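Peer 1:
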Amino acid sequence: MVLLDVEKLEIIVHKIASTTWVKCSNDGCGTYLRYAEVHGHKLACPQGACTCIEHDCDLAGSPAMLVVHLAADHLKEMHKFSYGMTKRLQVHMSVVGSPCR
Numbered sequence: 003m004v005l006l007d008v009e010k011l012e013i014i015v016h017k018i019a020s021t022t023w024v025k026c027s028n029d030g031c032g033t034y035l036r037y038a039e040v041h042g043h044k045l046a047c048p049q050g051a052c053t054c055i056e057h058d059c060d061l062a063g064s065p066a067m068l069v070v071h072l073a074a075d076h077l078k079e080m081h082k083f084s085y086g087m088t089k090r091l092q093v094h095m096s097v098v099g100s101p102c103r
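Be aware that the sequence shown starts at 3, since it is given in our numbering, and climbs by one per residue.
See below:
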């Protein structure tokens with residue numbers, strides 16, 4: 003039996019992870035990526051699951067589904083933002099005695 007030291011084992015695992023291709027598990031994505039890239043992709047995948055921000059709501063779905071859900075079920079106003087672009091928003095305070103002035 004051949005025993006490998008930890009460094010050699012780490013090199014072998016890294017080579018396997020960097021050459022093995024897997025498909026993203028998010029519905030509707032279909033992107034193939036190296037196994038070592040899966041975690042980073044899942045954090046940025048446009049088809050990744052998002053959870054509703056409302057208390058006592060357990061909806062989870064794609065970002066597009068969440069936008070529709072928030073607008074329809076919770077009557078939230080939606081705004082589209084683009085990176086590198088400036089957008090003005092007006093926020094109305096309706097709380098009496100709010101610390102914001």
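Beta carbons: idealized from backbone N, C-alpha and C, even for Gly. What you are looking at is a predicted structure, and each value in this text was computed from that prediction instead of being measured.
Report the CB separation of His104 from Cys54 in whole angstroms; it is logged as a contact under 8 Å.
Peer 2: With the chain running from 3 to 103 in the structure shown, residue 104 is simply not present.
Peer 1: Can you tell me whether DSSP reads Gly32 as helix, strand or coil?
Peer 2: Counted from its first residue, the sequence shown places residue 32 at position 30. Of the three classes helix, strand and coil, the one that applies to Gly32 here is coil, per DSSP.
Peer 1: Classify Lys44 as helix, strand or coil using the three-state DSSP reduction.
Peer 2: Locating residue 44 in the sequence shown gives position 42, where the first residue counts as 1. Here Lys44 sits in helix by DSSP.
Peer 1: Between the C-alpha atoms of His76 and Leu68, what's the straight-line distance to the nearest angstrom?
Peer 2: As a first step, residue 76 must be located in the sequence shown, where it is residue number 74. As a first step, residue 68 must be located in the sequence shown, where it is residue number 66. Approximately 11 Å, taken between the alpha carbons.
Peer 1: With a CB to CB cut of under 6 Å and the five nearest residues on each side skipped, what residues in its chain are close to Arg103?
Peer 2: Here the question's residue 103 lines up with position 101 in the sequence shown. Residue confidence for Arg103 is low, a pLDDT of 42 falling below 50, so the modelled location carries little weight; the figure read from the coordinates is stated next. Excluding sequence neighbours, Arg103 sits near nothing in its chain.
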